[in-house]
Amino acid sequence: MSLVQAALDRAEAAGFTISSEPPAGALLAVLSAAVPPGGRILEIGTGAGVGLAWLVEGLGGRTDVEVRSVERDPRLGALTAAADWPENVTLHGGDVLELFDTLGTFDLIFADAQGGKSHGLDRTIAALAPGGHLLVDDMAADQEQIARVRDTLLAHPGLTAVELPCGTGLILATRNRQENGAGVA
Numbered sequence: 090m091s092l093v094q095a096a097l098d099r100a101e102a103a104g105f106t107i108s109s110e111p112p113a114g115a116l117l118a119v120l121s122a123a124v125p126p127g128g129r130i131l132e133i134g135t136g137a138g139v140g141l142a143w144l145v146e147g148l149g150g151r152t153d154v155e156v157r158s159v160e161r162d163p164r165l166g167a168l169t170a171a172a173d174w175p176e177n178v179t180l181h182g183g184d185v186l187e188l189f190d191t192l193g194t195f196d197l198i199f200a201d202a203q204g205g206k207s208h209g210l211d212r213t214i215a216a217l218a219p220g221g222h223l224l225v226d227d228m229a230a231d232q233e234q235i236a237r238v239r240d241t242l243l244a245h246p247g248l249t250a251v252e253l254p255c256g257t258g259l260i261l262a263t264r265n266r267q268e269n270g271a272g273v274a
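By the count of my numbering, the sequence shown reaches residue 274 at its end, each step adding exactly one.
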């Protein structure tokens, strides 16, 4: 059984209904496949591990890429941690906004939780390496908060971004290679 199917089954059994949708998952797999050797991936909002499974599947068995995922809910964190993940996957419990200082920078960040997206988006952008990609999911949630996220990402001087109208809405942003962290919103 694939990691994605196992994660979907885990989510269903747990009654977790807000997992990454197939369009977001397929894009995550494509983006993770492009992470350079020795690169790093961060997922914010592990949930039942569906997005994480897509990220790992996209690596195609590569273990040279460090994959970290942060989940705030201890019940979901324990559920997902019990799955069989490759050795290059590390799960963190806690609030990503409290963990950012210890996590470093990443070539790919998947922001799928309020912390790091609706709250602390500046910290998420700062954790993105030059040339790195940021995928933000669930752009159809609270319209006022999402409008701020959309405006920040699409107008940010250090990012090139596009809104993708699929599923619950996605924004894909790439940190400009000449951007060094200055001017982060």
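Just so you know, even glycine gets a beta-carbon here, dropped at the ideal spot from N, CA and C.
Query - Burial state of Glu146, where buried means 16 or more other Cβ atoms lie within 10 Å - result: buried
**Report entry** Assigned exposure category for Arg164 - 16 Cβ within 10 Å defines buried
**Finding:** exposed
Query raised in the report: Ile107 by DSSP, collapsed to three states: which one?
Result: coil
Query raised in the report: Considering only residues of the same chain and omitting the five flanking positions on each side of Arg266, which have a CB-CB separation below 8 Å?
Result: Pro219 and Gly220
Report task. Can you check DSSP and say which residues form a bridge with Ile198? Result -> Leu131 and Leu223
Query - Beta-carbon proximity check, Asp201 vs Val225, cutoff 9 Å - result: yes
Query - Outcome for Val178 when other beta-carbon atoms lying within 10 angstroms are tallied against a minimum of 16 - result: buried
Requested in this report: May I ask you to list the residues that DSSP assigns as paired with Ser158?
Outcome: Glu132 and Leu180
Query raised in the report: Mind pulling the beta strand (DSSP E) runs of 3 or more residues that sit fully within the region 228 to 263?
Result: 248 to 253
Report task. Classify Glu101 as buried or exposed, calling it buried when 16 or more other Cβ atoms lie within 10 Å of its own Cβ. Result -> exposed
Query raised in the report: Between the beta-carbon of Glu132 and the beta-carbon of Val154, is there less than 9 Å?
Result: no
Query raised in the report: Is the CB-CB distance between Leu261 and Leu253 below 9 Å?
Result: yes
Query - C-alpha gap between Ala96 and Arg212, whole angstroms - result: 28 Å
**Report entry** Leu217 - partner residues in DSSP beta bridges
**Finding:** Phe195
Query raised in the report: Helix, strand or coil: how does DSSP classify Gly313 here?
Result: Outside the displayed range of the chain (90 to 274) lies residue 313, so it cannot be described from this structure.
Query raised in the report: Where do the N-terminal and C-terminal ends of the alpha helix (DSSP H) with Gly166 fall, by residue?
Result: Pro163 to Ala170
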